[in-house]
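Everything on this sheet refers to the single structure shown next.
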């Protein structure tokens, strides 16, 4: 991109920062599942639902803005894809957390602690990267770190699934817990998808 | 888009209308599962297979047309994405309906009635929106309604899964039924995906 | 595309050929699962892990090249999408093969032989098509064949799942084996996705 008209509409960046910030809040909320009694879990699920609604509002703000802006900082369809991929992270986190309540799971497996830590780190790294979308500089450290975290999440996920099966006695419990473990792994994949979208934008615009 | 050459090739729109119309037929066929004896189910699955083949033909017609047209009503890759996303809806409906037969499920859960109603409504709304692709006007009511229906589908899906698990005695039955319930939820997601593609086109072309 | 600057950077094509060649190696490795004792399986999984790392290197080579090239043979985002879709095939093959080891599966179902044959054929057809990306000619036979193979994979997958359920006694075994069968079906879908990306490129560039 050779030059830009100025002043350019910049508040897309703050909307993306808002969405990523809500993901930081959501992943922090997740870790609280391991600190409360089972009776306190539905309150956490409710807060995640609230965060998910806030994220929806932010996504729709982006889409409305795309429609009404004459100049956009990068291609309209990339803005669309980025908003959608951030939204997917939140949806998967909220949805999977809700399964913990819906399934009436008693003791949570210890591996969840690490899954939550990885997701929290992914959210932080993503939130830190959003302001750098403005210059499209220094983004490679972001996607390298996300990639590293996703590999770690993947390895942990495989170990958790193997452990679940090898100690399995109650098949219904296995199905429930696998749904939860898989859901959080899908959330980690969704963060990687965000990084791919950002990488695609950087490739195209640079 | 500033201006267009005329006459423009318009029959892409009728092909999309055909695909969406086949989805209306398919979702109507689904509701028949709840009206027949188990012995009548494979005939329904066969009709869905026929509808799926007809949808394939329509999809390939679009792709052939994209290749041979000098001017297309919107970007070639968007036409491609729209055809593919409509195709996905049909594939998921046909595939999941087939599981009902393959798994030799006896009594179907009552929640399926509502899943089928939502899918039928999604197909109708999609079919009604296709002619509006021509002007790219008045499409926001379409994706708002699809979004509302998808939220409803999602809530229903969670309730059905929770009920399935809480009354679970036979683990194999749980796995089978979860596969079916999840499949129809995936079909609802696929309709939302179509709406996202349409939204993306409207954002880009407007 | 009317004309091209020459000499054009052509080694993207050899990187795609490398990625597809690694998929040929990986699918050949898969068939060895059926020839060895269970004790020999982890060595196969290890070789698949090595192939997956090699494929990762090839993918990153493509992405680095996209960033540093002034002229690319087709749109940067399409190169990106093609590299990512080839990578997905390898990831799914490696990941699912690893489940065979992780789950301590004893006897493998005979249907796996056919799943592996289809995947091997898909990899070969894909590898054969990569050099034709240069001219973007004669690619339709590739995606027609991939489509045919994917339909075959799909039919086989449904039959395997039905058989698994109809002979099911141990629910945990059902869950494990379904995970494996589904994973290889996802790999077949991923090959079809590669063909869709190629089809999209051909549609856009022709």
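Protein chains in written order, with the working numbering: chain A, 52 to 257; chain B, 52 to 257; chain C, 52 to 257. Think of the CB as a built atom: it goes at the ideal place given N, C-alpha and C, for glycine as much as any other residue.
Cutoff 8 Å: residue i Cβ touching any chain C Cβ
i: residue 251 of chain A; result: yes
i: residue 149 of chain B; result: yes
i: residue 216 of chain A; result: yes
Straight-line Cα distance separating residue j from residue i
i: residue 151 of chain B; j: residue 225 of chain B; result: 13 Å
i: residue 220 of chain A; j: residue 85 of chain A; result: 23 Å
i: residue 81 of chain A; j: residue 106 of chain A; result: 16 Å
i: residue 115 of chain C; j: residue 237 of chain A; result: 27 Å
i: residue 102 of chain B; j: residue 170 of chain A; result: 42 Å
i: residue 207 of chain A; j: residue 148 of chain A; result: 18 Å
i: residue 250 of chain A; j: residue 205 of chain A; result: 21 Å
i: residue 229 of chain C; j: residue 212 of chain C; result: 7 Å
i: residue 239 of chain C; j: residue 201 of chain C; result: 6 Å
i: residue 70 of chain B; j: residue 68 of chain C; result: 36 Å
i: residue 141 of chain C; j: residue 176 of chain C; result: 15 Å
i: residue 143 of chain C; j: residue 99 of chain C; result: 11 Å
i: residue 92 of chain A; j: residue 168 of chain A; result: 18 Å
i: residue 158 of chain C; j: residue 87 of chain C; result: 11 Å
i: residue 174 of chain B; j: residue 135 of chain A; result: 22 Å
i: residue 178 of chain B; j: residue 234 of chain B; result: 21 Å
i: residue 104 of chain A; j: residue 197 of chain C; result: 41 Å
i: residue 129 of chain B; j: residue 120 of chain A; result: 21 Å
i: residue 210 of chain B; j: residue 223 of chain A; result: 17 Å
i: residue 160 of chain B; j: residue 195 of chain C; result: 39 Å
i: residue 125 of chain A; j: residue 199 of chain B; result: 29 Å
i: residue 65 of chain C; j: residue 188 of chain C; result: 17 Å
CB contact below 8 Å: residue i versus chain B
i: residue 245 of chain C; result: no
i: residue 53 of chain C; result: Only weak support exists for where residue 53 of chain C lies, its pLDDT of 39 falling under 50; the coordinates are left without a value.
i: residue 188 of chain C; result: no
i: residue 137 of chain A; result: no
i: residue 212 of chain C; result: yes
i: residue 204 of chain C; result: no
i: residue 141 of chain A; result: no
Cutoff 8 Å: residue i Cβ touching any chain A Cβ
i: residue 131 of chain C; result: yes
i: residue 238 of chain C; result: no
i: residue 197 of chain B; result: no
i: residue 228 of chain C; result: no
i: residue 33 of chain C; result: Not covered by the structure: residue 33 of chain C. The range shown for chain C is 52 to 257.
Which listed residue (the options) has its alpha carbon closest to that of residue i
i: residue 111 of chain C; options: C:133, C:121, C:95 and C:90; result: C:133
i: residue 139 of chain A; options: B:117, B:181 and B:244; result: B:244
i: residue 123 of chain B; options: B:216, B:145 and B:184; result: B:184
i: residue 62 of chain B; options: B:113, B:91, B:94 and B:76; result: B:113
i: residue 217 of chain B; options: A:94, A:88, A:121 and A:156; result: A:156
i: residue 154 of chain C; options: A:179, A:214, A:77 and A:93; result: A:214
i: residue 256 of chain A; options: C:222, C:90 and C:118; result: C:118
i: residue 258 of chain C; options: C:248, C:209 and C:145; result: Past the boundaries of the shown model lies residue 258 of chain C; chain C is included only from 52 to 257, so the question cannot be answered.
i: residue 186 of chain B; options: B:234, B:78 and B:253; result: B:253
i: residue 94 of chain B; options: B:145, B:126 and B:188; result: B:145
i: residue 246 of chain B; options: B:77, B:222 and B:191; result: B:191
i: residue 74 of chain B; options: B:209, B:181, B:227 and B:189; result: B:181
i: residue 108 of chain C; options: C:89, C:223 and C:137; result: C:137
i: residue 172 of chain B; options: B:89, B:188 and B:242; result: B:242
Neighbouring residues, chain B, relative to residue i (Cβ below 8 Å)
i: residue 77 of chain A; result: What residue 77 of chain A touches in chain B: nothing, since even the nearest Cβ is about 17 Å away.
7 Å Cβ cut-off: residues of chain B touching residue i
i: residue 222 of chain A; result: 222
i: residue 99 of chain A; result: Residues of chain B passing the Cβ test: none, with the nearest at roughly 13 Å.
i: residue 219 of chain C; result: 223
Per-residue contacts from residue i into chain C (C-beta, under 8 Å)
i: residue 128 of chain B; result: 251, 254 and 255
Beta-carbon neighbours of residue i, restricted to chain A and to distances below 8 Å
i: residue 117 of chain C; result: 254
Within chain A, the residues that residue i reaches when beta carbons sit closer than 9 Å
i: residue 209 of chain B; result: 146, 149, 150 and 153
Q: Ignoring anything shorter than 4 residues or poking outside the region 65-147 of chain C, list the alpha helix (DSSP H) runs there in chain order.
A: Runs found: 92-119.
Q | Sequence ranges, alpha helix (DSSP H) only - wholly within the region 143-199 of chain C, length at least 4 | A | Those alpha helix (DSSP H) runs which fall completely within the region 143-199 of chain C and span 4+ residues are 162-180.
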